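Step one of this worksheet: look at the structure below.
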Amino acid sequence: MPKASPQRSCLACREAKDKGSLLRFVLAPDRTLVPDLQQKLPGRGVYTCMKASCLRQAALKKQFGRGFKEEVPAVDAELLLGQVGAKLEERIASYLCLANKAGKIVSGADQVAEKLKKGGVGMLVIASDISKESGEKFRGLARLKGVRCMTLFTKERLGELMGKELRSALAVTESGFVASIDLEMEKYRNFFEEERE
Ligand SMILES: [Zn+2]
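In terms of the numbering used here, the sequence shown opens at residue -1 and continues consecutively.
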């Protein structure tokens, strides 16, 4: 029989879920709250859903102190949300970096357009500060070829990740990397999606 994965409850909504799907927090020695996305930091951990709404609620209702059973200095909810958002972005960035090192990314406007036309692109990443015209061109090509498209990071950041100058678009060409990036992207989107009822 498969071993049941350990369950933990969200500090805010109290729902019990697989530990791995939740967001873990530990207390640093100076008692600041540290988001532990890898779930590897030592010490007692408390959990919230991987959702901005639950995290905000836990911070506002001072649930962290209750979770750790000790005094936790007031938590700035928006600061914490920003930290988690940045860490989620970092995970996407590191996969893009790895894919590039493995030679599975085409970058540069002309090369990306060319590759999209030729086929073999699993995912298109477009810089958030790309010109409207170029953005429409890339999105149109992606739609035509049925390639998933996401907008994230600035041209400067995309270039940095590739170890190059500004890059307005990247084409990821290997399905394993596409799947990993997709998964991280999904977490990122879910996190910031507010509850809509
Ligand atoms: Zn929750």
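Just so it is clear, CB atoms sit at the ideal spot from N, CA and C, and this is done for glycine as well.
The structure displayed is predicted, hence computed values, not measured ones.
Helix, strand or coil for S51, going by three-state DSSP, please let me know.
In the sequence shown, the residue the question calls residue 51 occupies position 53. Three-state DSSP puts S51 in a helix.
Does DSSP put F175 in a helix, in a strand, or in coil?
Against the sequence shown, residue 175 aligns to sequence position 177. Helix, per DSSP.
For I179 and V70, I'd like the C-alpha separation in whole angstroms.
Looking up residue 179 in the sequence shown gives position 181. Looking up residue 70 in the sequence shown gives position 72. Going from the Cα of I179 to the Cα of V70 covers about 34 Å.
Kindly identify the DSSP beta-bridge partner or partners of L168.
For this step, residue 168 is matched to residue 170 along the sequence shown. In DSSP, L168 forms a bridge with S105 and V123.
Which residues, in chain order, sit with a beta-carbon under 5 Å away from any heavy atom of ligand 1?
Any residue whose Cβ sits closer than 5 Å to a heavy atom of ligand 1 makes the list: C8, A10, C11, C47 and C52.
How would you call N98, buried or exposed, if buried means at least 16 neighbouring beta carbons within 10 angstroms?
By one-based count along the sequence shown, residue 98 stands at place 100. Counting Cβ neighbours within 10 Å, N98 comes out buried, since at least 16 surround it.
Check K15 in the structure and name its three-state DSSP category.
The sequence position of residue 15 within the sequence shown is 17, counting from 1. In the structure shown, K15 sits in a strand (DSSP, three-state: E or B).
Which word fits A100, buried or exposed, when buried means at least 16 other C-beta atoms lie within 10 angstroms of its C-beta?
The residue you call residue 100 lines up with position 102 of the sequence shown. Its Cβ having fewer than 16 others within 10 Å, A100 is exposed.
In angstroms, rounded to a whole number, what distance separates the CA positions of K102 and Q36?
Locating residue 102 in the sequence shown gives position 104, counting from the first residue. Locating residue 36 in the sequence shown gives position 38, counting from the first residue. Computed Cα separation, rounded: 25 Å.
Where do the N-terminal and C-terminal ends of the beta strand (DSSP E) with V73 fall, by residue?
Sequence index remark: in the sequence shown, residue 73 carries index 75 (1-based). Segment: none, V73 is in no beta strand (DSSP E) and carries neither H nor E.
Would you kindly work out how many angstroms separate the C-alpha atoms of V145 and Q61, rounded to a whole number?
The residue you call residue 145 lines up with position 147 of the sequence shown. The residue you call residue 61 lines up with position 63 of the sequence shown. Distance between the alpha carbons of V145 and Q61 is about 42 Å.
Assuming contact is defined by CB atoms lying nearer than 8 Å, are A56 and L86 in contact in what I supplied?
On the sequence shown, residue 56 is found 58 positions in, with the first residue counted as 1. On the sequence shown, residue 86 is found 88 positions in, with the first residue counted as 1. Not in contact: A56 and L86 (Cβ atoms no closer than 8 Å).
So, helix, strand or coil for Q81, using DSSP?
Stepping through the sequence shown from its first residue, residue 81 is reached at position 83. Q81 falls in the helix class under three-state DSSP.
Could you tell me whether the Cβ atoms of G41 and L25 are closer together than 8 Å?
Taking the sequence shown and counting its residues from 1, one reaches residue 41 at position 43. Taking the sequence shown and counting its residues from 1, one reaches residue 25 at position 27. Yes; because the gap between Cβ atoms is below 8 Å, this pair is in contact.
Does the beta-carbon of K49 have 16 or more other beta-carbons within 10 angstroms, so that it is buried, or is it exposed?
Against the sequence shown, residue 49 aligns to sequence position 51. So K49 ends up on the buried side.
Hey, quick one: how far does the alpha helix (DSSP H) through S7 stretch, first residue to last?
Residue mapping note: residue 7 aligns to position 9 of the sequence shown, counting from 1. Looking at the DSSP string, S7 is not in any alpha helix (DSSP H); the run it does join, the beta strand (DSSP E), is Q5 to S7.
Just checking my contact of L114 with A140 at CB under 8 Å: how many whole Å lie between their CB atoms?
Against the sequence shown, residue 114 aligns to sequence position 116. Against the sequence shown, residue 140 aligns to sequence position 142. With 8 Å as the limit, L114 and A140 qualify as a contact, their Cβ atoms being about 7 Å apart.
Please look up how many angstroms separate the CB atoms of V123 and L168, rounded, as I've assumed it's under 8 Å.
Translated into the one-based positions of the sequence shown, residue 123 becomes position 125. Translated into the one-based positions of the sequence shown, residue 168 becomes position 170. Confirmed, about 4 Å.
With a CB to CB cut of under 6 Å and the five nearest residues on each side skipped, what residues in its chain are close to V82?
Along the sequence shown, read from residue 1 onward, the residue named residue 82 stands at position 84. The residues are P33.
Which residue's Cα is closest to the Cα of L94: A107, M121, D28 and S132?
Residue numbering aside, residue 94 sits at position 96 when the sequence shown is read from its first letter. Closest option to L94, Cα to Cα, is M121.
Nearer than 7 Å: is that true of the beta carbon of F175 relative to any heavy atom of ligand 2?
Absence of ligand 2 from the depicted structure is noted, with ligand 1 being the only ligands included.
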